[in-house]
Structure formats: C-alpha cells, structure tokens
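Each remark here refers to the structure printed beneath this line.
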Amino acid sequence: MNCLSNDEVVHVKENGIEYIQFKRLLEYEDRITHCFTLKPLDFKIENNNNKVLNEYDKICKALEIDSKNLYRPSQTHSNNVKCVNDEEPGIYTKEFQEVDGLITDKTDKILSLTFADCTPLFFFEPVKNVIGNIHSGWRGTYQEIAKTAVRKFVTDYGVNVKDLICVIGPSICGKCFEVDEEIAKQFADKFNEANGFRNIVKKFDNKNKYLIDTELINRVILNREGLSNKNIISCGLCTKCFSAYMHSVREDGEKAGRNTALIMLK
Ligand SMILES: [Zn+2]
2 MNCLSNDEVV
12 HVKENGIEYI
22 QFKRLLEYED
32 RITHCFTLKP
42 LDFKIENNNN
52 KVLNEYDKIC
62 KALEIDSKNL
72 YRPSQTHSNN
82 VKCVNDEEPG
92 IYTKEFQEVD
102 GLITDKTDKI
112 LSLTFADCTP
122 LFFFEPVKNV
132 IGNIHSGWRG
142 TYQEIAKTAV
152 RKFVTDYGVN
162 VKDLICVIGP
172 SICGKCFEVD
182 EEIAKQFADK
192 FNEANGFRNI
202 VKKFDNKNKY
212 LIDTELINRV
222 ILNREGLSNK
232 NIISCGLCTK
242 CFSAYMHSVR
252 EDGEKAGRNT
262 ALIMLK
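Each residue of the sequence shown is one higher than the last, beginning at 2 in the working numbering.
Have a look at this one:
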C-alpha cells in the first residue's frame with residue numbers, strides 16, 4: 002500500500018511533502034485549513050530548532066498559510082487547554098507553557114501540536130466558527146482532556162455541543178498499545194464497566210501485559226459530553242501499524258520523530 006486514503010482520509014502528496022486531511026473537515030475548506038503531517042516531515046525539537054522551523058515553512062507553504070502565525074505550546078501530558086487570542090505567536094512562548102490543547106475563534110492563528118502515538122483531537126464548530134487542537138496521550142486521556150476541551154468550547158465560546166465536530170486523528174490503536182498491569186489497573190478502575198465503558202482494557206498475554214484503547218475512551222468521553230456520534234469521526238489509522246508513514250514512539254523508540262497536527266480558521 003502506498004496510500005493512506007480511506008473513507009475518512011485524503012492522503013496528499015505534493016512536491017515531496019506528504020500529509021493527510023480529513024474529509025469531514027474538508028467540507029469546510031472555505032473556512033478552515035488543517036492537516037496531519039506524514040514522514041519524512043519531523044517536528045521533534047531537539048538541539049536544532051532551525052530544522053523544525055524549516056519543516057513548518059514547508060508544510061505551511063504546501064497549505065498556503067503563513068508559518069509566522071503558528072502557536073505551538075510546550076506539551077507536558079497535562080489536561081490544560083488554553084484559548085488563543087492576541088498573544089504573540091511562536092514555539093513554546095511563555096503564555097503556552099504546559100499546555101496540551103488550544104482553542105480559538107480568531108482567524109489566521111495556526112494551532113499546532115505534535116504527536117507520536119498520542120491521540121490528536123481536531124475540533125470544529127461551524128455555527129460560531131471555533132476550532133480546537135488537543136493532545137490526548139494516555140495521561141491526557143486518563144485526565145480526560147477531551148472533557149476539559151468540550152467544556153471550554155461551551156463556557157468560553159457559547160458553543161452548543163450538538164454542533165461540535167471532533168475528528169480523532171491517527172494514534173496508537175487498541176491492538177498496539179501495550180501497558181503494564183499498574184497502568185491497566187488505573188484505567189480499568191476509572192473507566193470501568195459500571196461507568197458504561199466496555200472493552201477499554203484487555204488482557205494481552207500471560208506476561209501481565211494489557212492493551213488499552215485510548216481512541217475508544219476518547220469517543221466515550223466526547224459522547225458523554227454531548228457530541229453526537231455522527232460528529233465524532235475516527236480516521237482509522239494507527240501510528241504504529243502505519244509507522245512507515247507516521248512517527249511512532251512504540252515503533253521507532255526514543256529516537257522517534259514527531260508528526261504535527263495543524264488547524265487554522267481562515
Ligand atoms: Zn495499531
């Protein structure tokens with residue numbers, strides 16, 4: 002297979018730059034720009050920030066947006082979600098420390114978060130014209146950052162949750178995400194059947210390994226917060242299963258790069 006396109010996803014390849022877009026968000030192409038980048042683009046910040054800035058220039062050029070308007074928070078697996086208003090854009094600027102989710106109703110603000118197995122949540126609310134970009138790794142999922150985000154859409158922007166669309170981007174799937182007994186137990190205790198969850202934690206083998214379906218947990222959280230099932234869209238792509246295309250910490254180890262999710266109101 003040399004293409005990730007499916008019922009929900011369009012795989013774009015132009016001039017050596019590859020990314021995916023979601024059909025549900027492309028319906029609003031006149032109002033929002035978005036993508037999830039693919040290899041070889043790599044947004045991991047190490048010693049050489051210039052390399053990452055160059056990567057942003059490439060993807061922004063492909064999307065015909067200005068990389069100067071980029072907001073990238075320093076993600077720490079928190080459940081902190083922050084609204085973007087008129088702060089200075091940039092990478093890890095002081096207003097956006099320890100932030101794992103961004104929301105805005107302002108145009109020309111590129112909300113940018115990075116991922117390598119964690120769950121990206123792209124939000125769009127077409128009535129009030131509000132977008133969000135949320136990083137829900139297993140820690141963020143455990144802390145229900147999706148719930149924090151949805152409530153912020155309601156309290157800060159007066160959004161009706163029935164109008165809110167969430168596309169769940171590529172993340173490690175429920176067949177690939179192995180955890181040890183301690184983490185499995187935390188999840189099983191919090192998201193248990195008595196609370197209406199099903200099959201979120203599964204025993205994997207006889208070596209005390211378990212599998213967790215973080216996408217499913219996020220779906221249930223979003224559904225409980227009032228989003229309609231038809232407005233919660235899974236892209237059907239696992240970063241580890243498709244690690245030839247996407248950076249995956251579980252597949253590539255500590256040297257893994259980072260994919261970036263971008264969304265902007267035009
Ligand atoms: Zn997988």
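Where is the CB? At the ideal position from N, CA and C, for every residue including glycine.
(message) Less than 8 Å between the beta carbons of F37 and P171, yes or no?
(response) The residue given as residue 37 occupies position 36 in the sequence shown. The residue given as residue 171 occupies position 170 in the sequence shown. For F37 and P171, yes; Cβs fall inside 8 Å.
(request) Name the one or two DSSP bridge partners that D181 has. (result) Against the sequence shown, residue 181 aligns to sequence position 180. BP columns for D181 point to K210.
(message) Please give me, in chain order, every unbroken run of the beta strand (DSSP E) with length at least 3 that falls completely inside the stretch 57 to 126.
(response) 71 to 73, 82 to 84, 102 to 105, 111 to 116 and 120 to 126
(request) Would you list the residues sitting across from Q22 in a DSSP beta bridge? (result) Taking the first residue of the sequence shown as 1, we reach residue 22 at position 21. According to DSSP, which records beta bridges pairwise, Q22 is partnered with V11.
(message) Considering only heavy atoms of ligand 1, does any lie closer than 7 Å to the CB of C242?
(response) Numbered from its first residue, the sequence shown carries residue 242 at position 241. It does: the Cβ of C242 is within 7 Å (strictly closer) of some heavy atom of ligand 1.
(message) Classify N7: buried if its beta carbon has 16 or more other beta carbons within 10 angstroms, exposed otherwise.
(response) Translated into positions along the sequence shown, residue 7 becomes position 6. Label assigned to N7: exposed.
(request) Answer yes or no: the CB of L201 versus the heavy atoms of ligand 1, is any distance below 7 Å? (result) In the sequence shown, counting from the first residue as 1, residue 201 sits at position 200. The residue asked about is misnamed: residue 201 is Ile in this sequence, not Leu. Because no heavy atom of ligand 1 lies under 7 Å away, the Cβ of I201 does not count as near it: no.
(request) With DSSP as the reference, label I173 as helix, strand or coil. (result) What you label residue 173 is simply residue 172 of the sequence shown in a count that begins at 1. Residue state, collapsed to three classes: coil.
(message) Are the CB atoms of Q144 and N193 within a distance shorter than 8 Å?
(response) Position 192 of the sequence shown, counting from 1, holds the residue named residue 193. Position 143 of the sequence shown, counting from 1, holds the residue named residue 144. Not a contact, by the Cβ cut-off of 8 Å.
(message) Going by C-alpha to C-alpha distance, which of E99, E96 and I18 sits closest to K59?
(response) Reading the sequence shown from its first residue, position 58 is the one you call residue 59. Checked all of E99, E96 and I18; the closest Cα to K59 is I18.
(request) Would you kindly report the start and end of the unbroken beta strand (DSSP E) that includes G258? (result) The count along the sequence shown starts at 1 and reaches residue 258 at position 257. It is not in any beta strand (DSSP E) - G258 carries neither H nor E in the DSSP assignment.
(message) If I follow the unbroken alpha helix (DSSP H) through N224, where does it start and stop?
(response) The residue you call residue 224 lines up with position 223 of the sequence shown. Where N224 is concerned, the enclosing alpha helix (DSSP H) stretches over T215 to R225.
(request) Hey, could you find the ends of the alpha helix (DSSP H) I201 is sitting in? (result) In the sequence shown, residue 201 corresponds to position 200, counting from 1. Per DSSP, I201 belongs to no alpha helix (DSSP H) and is neither H nor E.
(message) Measuring straight from C-alpha to C-alpha, what distance separates Y93 and E255?
(response) Translated into the one-based positions of the sequence shown, residue 93 becomes position 92. Translated into the one-based positions of the sequence shown, residue 255 becomes position 254. Near 21 Å, if we compare the C-alpha coordinates of E255 and Y93.
(request) Tell me whether I146 sits in a helix, a strand or coil according to DSSP, three-state version. (result) Taking the first residue of the sequence shown as 1, we reach residue 146 at position 145. Three-state DSSP puts I146 in a helix.
(message) Quick check on this structure: which residue in L212, V100 and P41 has the alpha carbon closest to the alpha carbon of K14?
(response) One-based indexing of the sequence shown puts residue 14 at position 13. Ranking L212, V100 and P41 by Cα distance to K14 puts P41 first.
(message) If you follow the beta strand (DSSP E) that V250 is in, where does it begin and where does it stop?
(response) Here the question's residue 250 lines up with position 249 in the sequence shown. Where V250 is concerned, there is no enclosing beta strand (DSSP E), although the alpha helix (DSSP H) it sits in stretches over V250 to D253.
(request) Using the Cα positions of G138 and L112, report the straight-line distance between them to the nearest angstrom. (result) Indexing the sequence shown from 1 puts residue 138 at position 137. Indexing the sequence shown from 1 puts residue 112 at position 111. So the alpha carbons of these two residues sit roughly 17 Å apart.
(request) Grab the span of the beta strand (DSSP E) containing F37 for me, first residue to last. (result) Start at 1 with the first residue of the sequence shown, and residue 37 comes out as number 36. Start and end: I33 to T38.
(message) With DSSP as the reference, identify every bridge partner of C167, one or two as the case may be.
(response) Position 166 of the sequence shown, counted from the first residue, corresponds to residue 167. F124 and I233.
(message) Short of 8 Å in beta carbon distance, which residues of its chain neighbour C174, apart from the five on each side in sequence? Order them along the chain.
(response) For the purposes of this step, residue 174 is taken as the residue at position 173 of the sequence shown. D214, E216, C239, K241 and C242.
(message) Closer than 7 Å to a non-hydrogen atom of ligand 1 - does that hold for the CB of K1?
(response) Outside the shown range of the chain, which is 2 to 267, sits residue 1, and nothing can be said about it.
(message) When you measure from the CB of C177 to every non-hydrogen atom of ligand 1, does any distance come out below 7 Å?
(response) Walking along the sequence shown from the start, residue 177 turns up at place 176. It does: the Cβ of C177 is within 7 Å (strictly closer) of some heavy atom of ligand 1.
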